[in-house]
Every structure is written in structure tokens, then in C-alpha cells.
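In what follows, a structure is listed as C-alpha cells, so that the remarks can point back to it.
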Amino acid sequence: MSRRRHNSDTDALSRSQLRSGQVIEPRTIHGLHGPLDDDDDELFDFTYSLPGALPGTLRISADALPTELVLISYNPETVNSATIDHPEECRSVGNAGNVNWLDARGLGTETTLLQMSQTLGFHPLMLEDIVNVPHRPKVDFYDGKVLIIMQMVRPKPTGSGVASEQVSFVLGQDFLVTFQEEPEWDSFDPVRDRIRRGTGVIRRQRADYLAYALLDTIVDSFFPVLEALGETLEDLEDEVVENPSRATIEKIHRMRRGLMKLRRYIWPQRSVINGLIRDSDEIISQEVRVYLQDVYDHIVQVVDIIESYREIAASLMDVYLSSINNRMNEVMKLLTVISSIFIPLTFIAGVYGMNFDPSTSPFNMPELEWYWGYLICLGVMAAIAALQIYCFWKRGWFDNFSITKR
343 MSRRRHNSDT DALSRSQLRS GQVIEPRTIH GLHGPLDDDD DELFDFTYSL PGALPGTLRI
403 SADALPTELV LISYNPETVN SATIDHPEEC RSVGNAGNVN WLDARGLGTE TTLLQMSQTL
463 GFHPLMLEDI VNVPHRPKVD FYDGKVLIIM QMVRPKPTGS GVASEQVSFV LGQDFLVTFQ
523 EEPEWDSFDP VRDRIRRGTG VIRRQRADYL AYALLDTIVD SFFPVLEALG ETLEDLEDEV
583 VENPSRATIE KIHRMRRGLM KLRRYIWPQR SVINGLIRDS DEIISQEVRV YLQDVYDHIV
643 QVVDIIESYR EIAASLMDVY LSSINNRMNE VMKLLTVISS IFIPLTFIAG VYGMNFDPST
703 SPFNMPELEW YWGYLICLGV MAAIAALQIY CFWKRGWFDN FSITKR
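Take the position in the sequence shown, starting the count at 1, then add 342; the result is the number in our numbering.
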């Protein structure tokens with residue numbers, strides 16, 4: 343499934359609109375993509391507000407999924423899960439004693455998001471960064487709250503390409519609010535199961551540990567994608583060496599684009615986790631900072647793998663060009679062998695095709711009147727051709743001519 347992005351209804355605003363104070367909607371720039379993309383992937387996509395837009399302006403995409411609020415409240419002894427029908431019920435999220443996880447699934451209901459934001463005391467700029475996707479991963483610290491924006495990836499259902507989803511967090515002292523673009527691709531079920539079953543220490547920890555567990559899930563989502571890309575890269579290496587074709591260069595191009603997208607998603611997340619580790623805000627405990635260091639190590643590992651894959655993909659282009667040149671050289675060698683064989687035969691045929699009359703002079707090709715002259719000429723031609731073929735074979739010129747072994 344493609345990501346939810348915002349399109350402005352018009353390409354420009356008149357000056358009268360600016361003077362009248364009308365709301366200026368943010369725009370999303372879609373990536374430049376060519377005919378090599380058989381899926382609707384954008385390499386460069388981002389949202390920006392037109393000059394004069396009010397801070398905190400929201401632009402909900404028409405195809406965004408409706409917002410569903412699910413609250414999980416737990417402590418070491420109990421856990422409760424419920425769907426919230428009215429945003430005013432979110433007032434209980436900040437209650438002390440329990441850790442409250444409010445999961446907003448879908449960003450399509452503006453009134454629900456605004457009422458929830460007002461109920462929980464979110465800064466307008468926080469909701470703007472959350473709703474106006476896609477946004478670069480970042481971490482911001484507000485009064486008693488931490489805004490974290492991450493990118494989660496997954497293989498596409500078609501098996502070709504990588505899909506991404508923005509996941510946003512608002513972390514407080516005893517609560518965590520998450521916002522998901524595509525809840526149908528939710529990957530937080532393992533964390534929910536740990537909460538329900540009381541596995542590990544998650545029920546005995548605060549909301550900052552819950553945030554760590556979800557961040558770790560997001561970062562770990564890169565590894566299955568990288569594993570699939572690694573297998574594709576190995577197959578592509580074999581194809582480049584054994585049987586390169588025009589489609590091969592297109593596959594290499596798509597692979598490099600996919601790796602570039604992954605790098606754009608994961609690279610800024612290093613700064614996000616590093617900021618959470620180094621910041622002195624009391625919302626994140628020292629114990630959780632140690633766990634976040636493990637998440638940071640995973641990000642570094644993902645970056646290293648992506649860089650290795652990018653180097654391999656770049657080298658595949660050189661190998662492809664080298665393979666094409668080698669195949670061209672083999673073709674030229676074959677043509678050279680054929681020409682070398684027929685040059686002396688053509689010379690002999692040309693000599694005896696000069697039509698001199700043997701009756702006018704004893705030197706005018708007397709062998710034309712021999713009884714076995716024609717057969718002798720053919721025999722000489724065959725002997726010359728056989729001798730050349732034998733010499734070429736001894737030199738190994740025929741070793742690479744067969745395409746059946748490929």
C-alpha cells in the first residue's frame with residue numbers, strides 16, 4: 343500500500359487569498375520518478391507550507407484512514423484495553439498510578455485529532471508535525487512532553503519494493519500517545535502481547551520504557567527488509583555475471599533507489615535516538631537510556647548493512663558494463679574468425695574468376711583444363727579452412743562461443 347500523502351488543490355494562491363487571511367494548506371512534493379518504476383514509488387517526498395501559512399495548520403488527505411483511539415492502561419498487577427469513542431475520554435490518560443498507552447490509528451479524522459490534542463494539552467506545532475506527513479525523523483522537547491517522529495518500513499505485499507510509514511510518539515511522565523498512518527500494517531502486536539501477558543519487565547516500568555520497546559520494534563523492522571534485499575542482491579549478482587540483459591540494468595537501478603530510500607529513512611533516526619540518550623529531561627530515566635543505547639547500536643548496524651549493499655549495487659553497474667563489453671568482444675572475435683577463414687578462400691575464388699582464356703596463352707590458368715582441377719581447388723580451400731580452424735582451436739578462441747552452457 344502506498345503512503346498517504348497530501349496534494350494541494352491548487353498550484354498557486356492569488357494575492358487576494360493571502361490578504362483575506364484564508365488558510366493556506368501545506369503541500370507535499372512528490373518525487374521525480376521515471377519509467378523504471380513499475381510501482382508508484384517516490385524517492386523524494388516531503389511536506390511544506392506555502393508562504394504565509396498559519397503555524398499549526400493541518401491538511402488531512404482525502405484518502406487518509408479514519409482515526410480510531412485505543413487505550414491500554416496497565417500496572418504491575420492489571421491491564422485494561424478499551425476503544426475510546428469520544429476524545430474527551432482521553433483525560434484519564436494523564437492519571438498517575440498507571441502507564442497509559444493511547445494509540446491513534448489513522449490520521450483521517452481532523453476533529454478527533456484536534457479534540458484529543460486539546461484535551462492532552464499538545465502544542466499546535468506538535469500536531470502539525472504528526473499529521474502533515476511525511477516528515478523527517480526528529481525529536482522535540484516541549485513542556486513536560488517529548489515528540490518523537492520515526493519512519494517504519496516493511497516489504498510491499500507485491501514482494502517488490504519497500505513501503506514506509508510515519509509513526510509519531512508523544513511521551514509524557516506516565517503516558518505515551520502513538521500515531522500511525524497505516525494501522526493495518528501495525529507491527530506493535532509483540533509489545534501488546536508482552537503487556538497483556540506480563541512478560542519481561544515492561545509492566546513494572548514507566549512509559550519511557552514502553553516508548554523504548556516501540557522504538558526498538560521500529561528499528562528492528564529494517565532487518566527483514568534488508569534480508570530480502572540481500573537475497574535479491576545475490577540473485578542480481580548472479581544474473582549480472584551469467585546472463586546480463588537490458589532488464590538487468592533496470593533491476594540495478596531500482597535496487598539503488600530502494601537502498602537510497604532506506605538510507606534516507608534510517609540515517610536521521612540516529613540523531614533521534616542519540617538525542618533521547620543525551621538529553622537531560624527527567625521523562626527518560628537513566629535505566630531506559632541504557633536500553634536506548636542498544637537501539638542506537640541497531641541503527642548503526644542497519645546503516646552499515648545499507649552502506650555495504652549500496653557499494654555492492656554500485657559495483658554491479660561496473661560489472662554489468664564489463665559483462666556487456668566482454669560479450670561484445672566475443673561477438674567481434676567470432677566475426678574475426680569467420681572473416682579470417684573466408685579471406686584466403688575469397689582470394690582463391692577471385693583469382694580463378696578472372697576469366698583468362700587458356701587457349702590464347704599457356705600461362706593463362708592452364709589448371710582450368712585439368713581433369714581434376716575443380717576438385718583440387720575445393721580441396722585446397724577446405725584444407726586452408728581446416729588448418730585455420732585448428733590453429734584457432736589450439737589458441738582457445740572457441741572456448742567462449744557456446745551460449746548453451748550459460
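Glycine included, C-beta positions come from ideal geometry on N, C-alpha and C.
Endpoints, the beta strand (DSSP E) within which residue i is located
i	result
T520	517 to 522
S587	Element bounds for S587: n/a, residue is neither H nor E.
V509	504 to 513
DSSP state of residue i mapped onto helix, strand, coil
i	result
V475	coil
Y713	coil
Y732	helix
R539	helix
M696	coil
R737	coil
P566	helix
P497	strand
M707	coil
D353	Annotation note: pLDDT 36 at D353 (below 50); position unreliable, coordinate value reported separately. Of the three classes helix, strand and coil, the one that applies to D353 here is coil, per DSSP.
P368	With a pLDDT of only 39 at P368, under the threshold of 50, the placement of this residue in the model should not be trusted, and no figure is reported.
Neighbour-count burial assignment, residue i, 16 or more Cβ in a 10 Å radius
i	result
L663	exposed
G600	buried
K736	exposed
S506	buried
F688	The sequence given here places Thr at residue 688; Phe does not occur at that position. T688 comes out exposed.
L462	buried
N417	exposed
M597	buried
E524	buried
Y607	buried
T520	buried
L571	buried
S563	buried
N422	exposed
N442	buried
D660	exposed
Q628	exposed
T541	exposed
R539	exposed
F517	buried
V561	buried
G738	exposed
G486	exposed
P408	exposed
Sequence-distant residues of the same chain with beta carbon closer than 8 angstroms to residue i, five excluded per side
i	result
D558	Y633, D636, V637, H640
T590	L578, E581, V582, Y662
L568	L604, V644, I647, I648, Y651
I680	none
P532	T559
I544	V533, R536, I537, Y551, L552, A555
V642	R612
Boundaries of the alpha helix (DSSP H) in which residue i is found, first to last residue
i	result
T559	549 to 562
Own chain, CB closer than 7 angstroms to residue i, minus 5 neighbours either side, in chain order
i	result
P686	I726
N706	F698, D699, P700
Y732	none
V504	V495, P497, K498, V567, G600, K603, L604
Q730	S682, I683
A424	L413
L618	V481, I626, L634
Proximal residues to residue i (C-beta, below 6 angstroms), its chain only, five neighbours per side dropped
i	result
V722	none
L658	V582, I594
M458	P429, C432
N440	S415, N417
I490	V481, F511
Min CB distance residue i to chain B below 7 angstroms
i	result
E526	The question asks about chain B, but that chain is absent: this structure has only one protein chain.
Could you tell me which uninterrupted alpha helix (DSSP H) segments, each at least 4 residues in length, are contained entirely in the segment 400 to 486, listed from first to last along the chain? Note on the segment 400 to 486: whole alpha helix (DSSP H) runs with a minimum of 4 residues are 452 to 462, 466 to 473, in chain order.
Kindly provide the ranges of any alpha helix (DSSP H) runs that are 4 or more residues long and lie completely inside the segment 581 to 645, ordered along the chain. With a minimum length of 4 residues, the continuous alpha helix (DSSP H) runs that stay inside the segment 581 to 645 are 588 to 620.
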